[in-house]
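Some notes on the structure that comes next.
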Amino acid sequence: MKGAVSYRLSAFGLLRLQPCFVVCALCSLIGCGAAPRAHTTFLRSVDLVEMTDTMAQSFASDEIIGERTPSDEPWVISMYRVVNHTNQIIPEREKWLYMGRLRAMLAQSDIAKARSIIWIIPPERWPIVAEELNVSDEPYGLRMKPTHLLTAEFHALTNTSGSGRSDAYVCEYQLVDLGTGTLVWDDKWEVKRAVEGRTYD
Amino acid sequence: MTERKSATKGRSDAPEATKGSRAVSLGLVVAWLCVATGCSSPARNFATIDAYYRYDFAAAREAVRGDAMLRNDEQTILNSTRLGMAALADGDLHEAEIALGRSFELLSTAGLNKDRTIAAVLDYEGVRIWKGEPFEQALTYHYVATLYALMGDWENMRAAAANSLFRLTDFGRDQNPEKLARRAAQDEQFLDTGYTAVDTNFALGFLMQAIGSDLSGASGSSDQFDAASKINPDLGPLIESLRARDYNTLLIVDYGKGPTKIAYGPDQALAAFAPQERLAGRTPSLIIARGVDRLLAAEPVCDVDQMAVDHRWNNLEDIRRAKSVIGDLLVFGGAIATAHGSHRDSDKTVLAGLGAIAAGLLTKAGAKADTRYCEFMPKSIFLAPLNLDRATDLRLSIEGDPGAAIILDDVAPGSSSSPNAIYLRLHGRGSPNARWLTQRNAIYSNDHTGVRPADYPWILGGNDLSTPTRETLQAYHDNGYLLDMTLDDLQALYDAEGIHIGSGMENQPGVRRNPSFRHVLEGGTGLFTPEPNSIGYKRLMCRPHPTYQPKSDVARNVAASIRVNDRSGSQGASVQSARVKKTGSLRHAQPNDEEMFE
Numbered sequence: 001m002k003g004a005v006s007y008r009l010s011a012f013g014l015l016r017l018q019p020c021f022v023v024c025a026l027c028s029l030i031g032c033g034a035a036p037r038a039h040t041t042f043l044r045s046v047d048l049v050e051m052t053d054t055m056a057q058s059f060a061s062d063e064i065i066g067e068r069t070p071s072d073e074p075w076v077i078s079m080y081r082v083v084n085h086t087n088q089i090i091p092e093r094e095k096w097l098y099m100g101r102l103r104a105m106l107a108q109s110d111i112a113k114a115r116s117i118i119w120i121i122p123p124e125r126w127p128i129v130a131e132e133l134n135v136s137d138e139p140y141g142l143r144m145k146p147t148h149l150l151t152a153e154f155h156a157l158t159n160t161s162g163s164g165r166s167d168a169y170v171c172e173y174q175l176v177d178l179g180t181g182t183l184v185w186d187d188k189w190e191v192k193r194a195v196e197g198r199t200y201d
Numbered sequence: 202m203t204e205r206k207s208a209t210k211g212r213s214d215a216p217e218a219t220k221g222s223r224a225v226s227l228g229l230v231v232a233w234l235c236v237a238t239g240c241s242s243p244a245r246n247f248a249t250i251d252a253y254y255r256y257d258f259a260a261a262r263e264a265v266r267g268d269a270m271l272r273n274d275e276q277t278i279l280n281s282t283r284l285g286m287a288a289l290a291d292g293d294l295h296e297a298e299i300a301l302g303r304s305f306e307l308l309s310t311a312g313l314n315k316d317r318t319i320a321a322v323l324d325y326e327g328v329r330i331w332k333g334e335p336f337e338q339a340l341t342y343h344y345v346a347t348l349y350a351l352m353g354d355w356e357n358m359r360a361a362a363a364n365s366l367f368r369l370t371d372f373g374r375d376q377n378p379e380k381l382a383r384r385a386a387q388d389e390q391f392l393d394t395g396y397t398a399v400d401t402n403f404a405l406g407f408l409m410q411a412i413g414s415d416l417s418g419a420s421g422s423s424d425q426f427d428a429a430s431k432i433n434p435d436l437g438p439l440i441e442s443l444r445a446r447d448y449n450t451l452l453i454v455d456y457g458k459g460p461t462k463i464a465y466g467p468d469q470a471l472a473a474f475a476p477q478e479r480l481a482g483r484t485p486s487l488i489i490a491r492g493v494d495r496l497l498a499a500e501p502v503c504d505v506d507q508m509a510v511d512h513r514w515n516n517l518e519d520i521r522r523a524k525s526v527i528g529d530l531l532v533f534g535g536a537i538a539t540a541h542g543s544h545r546d547s548d549k550t551v552l553a554g555l556g557a558i559a560a561g562l563l564t565k566a567g568a569k570a571d572t573r574y575c576e577f578m579p580k581s582i583f584l585a586p587l588n589l590d591r592a593t594d595l596r597l598s599i600e601g602d603p604g605a606a607i608i609l610d611d612v613a614p615g616s617s618s619s620p621n622a623i624y625l626r627l628h629g630r631g632s633p634n635a636r637w638l639t640q641r642n643a644i645y646s647n648d649h650t651g652v653r654p655a656d657y658p659w660i661l662g663g664n665d666l667s668t669p670t671r672e673t674l675q676a677y678h679d680n681g682y683l684l685d686m687t688l689d690d691l692q693a694l695y696d697a698e699g700i701h702i703g704s705g706m707e708n709q710p711g712v713r714r715n716p717s718f719r720h721v722l723e724g725g726t727g728l729f730t731p732e733p734n735s736i737g738y739k740r741l742m743c744r745p746h747p748t749y750q751p752k753s754d755v756a757r758n759v760a761a762s763i764r765v766n767d768r769s770g771s772q773g774a775s776v777q778s779a780r781v782k783k784t785g786s787l788r789h790a791q792p793n794d795e796e797m798f799e
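This is the structure in structure tokens:
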């Protein structure tokens, strides 16, 4: 009788212990071999698409640009500079992708013809853009003398702490008339990204 | 009666059920132990370390490339950093950007080990994804900044350096791992609450950020120079030179072997970094000379040995240290419980005891400190801005270490707005003395030097390793060689030899890529010119290599024609007339064509 009780207790003990072993074994298995995944506050390709879409829309709906007609003297807009003031690495080819996509969107739309605008990229930058956009033909007007300069500046406010990191990005576009030095159009796109967890764990 | 039978049956089944459960439990314990054993510390990659410290960066990269590029596991950041640093030293900026870019992204990921803490406690510390100690992280960011400096991309240099300036945890003066472990054992919350978050003392990071800010036109460089100066007032002259932009050439020089990480103490639960370079207690200077003129004696901006022993630059993942104690208690307590249960015939107590022993042994096994570290880190890092008035030869040496010297041939200055940045990796006393480091002139011409007079392609018996371009071919023509060969023909010639133009250009499925990262001079299939003034460039171009043996008939024939014409003392038209018979393309030259030239 004493033995039977003992067996029941043992069985009960085992049954109670089993989940612990299972959990422990699973923890070990999970911990061993799972692939690290990058999860950062950096700008991503989805941001590129959203940003350039928004900026293209803003450009197209601008009052000054809207007043232009096909018979006006063409504006030759050069995608001049992309400036990275964030704490994120943005390789040269990616920088120009931000400009290249905007140029491609505006060039493909009716705006270019309707507003008499020619988009150019500094010839020395064209190979980078062509590679990123996977196009081969040099676009019309690439080597024309620009009348306007378009610049893009990326800024970020970075906060890091023991509990995570956040980056508030502001991407600012400006179009300057080279003849008068006046700012023709500007707009900005903002996004904030945050991740939780220790950065140096 | 039926009930009694059932009851009896039930009682008689109980031991069977218990035996079954016991077998399952034991099986799980064994499985768990196996898992734990399987996850033990990964073997160190001695092949890559050994090659790296022999200046054979090509072999070092080969030995780690597979792990870095194909695997995505706990060692990914470590292997990517190793690969990136070796590529940087070898002068392959493209591969360095890929590898260090991966490290940068993963290092910037917060909470990478969030779900691994339990596994690390139950198992082995190595199941955690290696991010390195904070000083290794800061240095990895520094190498990303260095990479962009070499590329003249000052914006990204600034951005990378900015990431190295994270705050540190300060537990007070005179702290060491033992003291901290003791405090942590007494106070469970100590490691989470017992510190003050302090600003970094990484002067090198501030200087790199300041240089990047200044040259990219970003604001803040003045404050960043001030911060570096405040951390280390001895850097004053260097900072003034940088602040005044009184330089057009920037040397970033690594010297010596960084500290090694060892486990010690009870159950090897504690980890510490120990210096490897014995320098008689003196920090060496970097001497830069032009001929007999000493241009600069630079002191190190960063002493990695000092960083490594500073508790503020260590993670203090001290759960492993506490685990050792927990292990002892569990094993001891478990043994007592088991003995007690056996004596009293109490299976429950016995099982509890066995469970405790198993848990104790596992945590004890897991208590061993994680000794993974980046072996490529140097002992000292120097920054040396120079204002060169013309292209000039420079001799760099480490004071007191005659083996650590290099001569750079014809260093072209940049400008004050975009200086020429050069990165050099010099090893210390434990590494072989590489004579080619002080060989002044390149033996082989290349994309950096241009085709020299009277030279032609190395694969045809010449000494030129330029990649085929219109300019290169024109230079061969001007030298009287390959006169009726077009650029397509020249490229087809390399193609026929299985030589890829560029580093790592092999991209066929199922074909090994490693050989294409190795230069043809060293038996690989890549034709490229490493970053000028890199160690990789010196190793390839400044020491003699065995003569190339053409593999294809077309190359053999063209090489033979050149030999014949050189022997006869004529080039130009003779080469043209004696040139291989073409049947549409050079690829289709007849095998027996060679005989007519012998």
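Going down the list, the protein sequences come from chains A and B. For what it's worth, my numbering labels the leading residue of the first sequence as 1, then goes sequentially. For what it's worth, my numbering labels the leading residue of the second sequence as 202, then goes sequentially. Virtual Cβ for every residue (Gly too), placed ideally from N, Cα, C.
Look at the alpha carbon of residue i and the alpha carbon of residue j, and state the distance between them as a whole number of angstroms.
| i | j | result |
| --- | --- | --- |
| Ala509/B | Trp355/B | 28 Å |
| Glu172/A | Lys458/B | 45 Å |
| Glu196/A | Ser161/A | 9 Å |
| Thr809/B | Ala761/B | The requested residue 809/B is not part of the displayed model; chain B covers only 202 to 799. |
| Val265/B | Leu307/B | 18 Å |
| Asp186/A | Ser581/B | 47 Å |
| Asn364/B | Asn87/A | 7 Å |
| Ile463/B | Pro586/B | 36 Å |
| Leu408/B | Phe583/B | 11 Å |
| Arg44/A | Ile90/A | 10 Å |
| Leu366/B | Ser430/B | 15 Å |
Between the options, which lies nearest to residue i when the distance is taken from Cα to Cα?
| i | options | result |
| --- | --- | --- |
| Ala805/B | Ile736/B, Cys743/B, Ala756/B | Outside the modelled stretch of chain B, which goes from 202 to 799, sits residue 805/B, for which no answer is possible. |
| Thr730/B | Gly705/B, Val712/B, Ser365/B, Asp375/B | Gly705/B |
| Arg744/B | Ser717/B, Thr639/B, Pro614/B | Thr639/B |
| His295/B | Tyr349/B, Leu436/B, Ala655/B | Tyr349/B |
| Glu672/B | Trp659/B, Val652/B, Asp656/B, Ile660/B | Val652/B |
| Met270/B | Ile660/B, Leu284/B, Leu416/B | Leu284/B |
| Gly663/B | Asp696/B, Val612/B, Leu722/B | Leu722/B |
| Arg193/A | Val176/A, Gly181/A, Val170/A, Thr182/A | Val170/A |
| Trp126/A | Lys95/A, Ser109/A, Asp110/A | Lys95/A |
| Val345/B | Glu334/B, Ile330/B, Ala362/B, Gly333/B | Ala362/B |
| Ser619/B | Pro501/B, Arg513/B, Ser417/B | Ser417/B |
| Arg491/B | Phe718/B, Ile608/B, Asp696/B | Ile608/B |
Is it buried or exposed for residue i, if we count other Cβ within 10 angstroms and need 16 for buried?
| i | result |
| --- | --- |
| Val454/B | buried |
| Gln338/B | buried |
| Asp257/B | buried |
| Ile64/A | exposed |
| Phe247/B | exposed |
| Glu389/B | exposed |
| Asn134/A | exposed |
| Glu190/A | exposed |
| Arg374/B | exposed |
| Gly601/B | exposed |
| Glu441/B | exposed |
| Asn314/B | buried |
| Arg272/B | exposed |
| Asp202/A | What the structure shows of chain A is the stretch from 1 to 201, and residue 202/A is not part of that stretch, so it cannot be assessed. |
| Gly292/B | buried |
| Arg245/B | exposed |
Compute every distance between the C-beta of residue i and the non-hydrogen atoms of the ligand HEM, then say whether any falls below 6 Å.
| i | result |
| --- | --- |
| Gly662/B | Looking for the ligand HEM in the displayed structure turns up nothing, as the structure carries no ligands at all. |
Complete runs of the beta strand (DSSP E) confined to the region 695-766 of chain B [at least 3 residues]: none
Under 9 Å, CB to CB, which of the residues in the region 83-113 of chain A have a partner in chain B? Val83, Asn84, His85, Thr86, Asn87, Gln88, Ile89, Ile90, Pro91, Glu92, Lys95
Please go through the region 589-635 of chain B and give each complete alpha helix (DSSP H) segment of 4 or more residues, from N-terminal end onward. none
Could I get the ranges of all uninterrupted beta strand (DSSP E) runs contained in the region 362-389 of chain B, with 3 residues as the minimum, in chain order? List check, beta strand (DSSP E) in window: 369-371.
Below 7 Å between beta carbons is the criterion; list the residues of the region 166-195 of chain A that meet it against any residue of chain B, in chain order. Val195
Taking a Cβ distance cut-off of 9 Å, strictly less, list which residues of the region 344-367 of chain B are near chain A, in chain order. Val345, Tyr349, Met352, Asp354, Glu356, Asn357, Arg359, Ala360, Ala361, Ala363, Asn364, Phe367
For the region 477-519 of chain B, which segments carrying the alpha helix (DSSP H) assignment without a break, of at least 4 residues, lie completely within its bounds, in sequence order? 505-510
Short-range partners of chain A found in the region 242-274 of chain B, where Cβ spacing is below 7 Å: Flagged, chain order: Asn273, Asp274.
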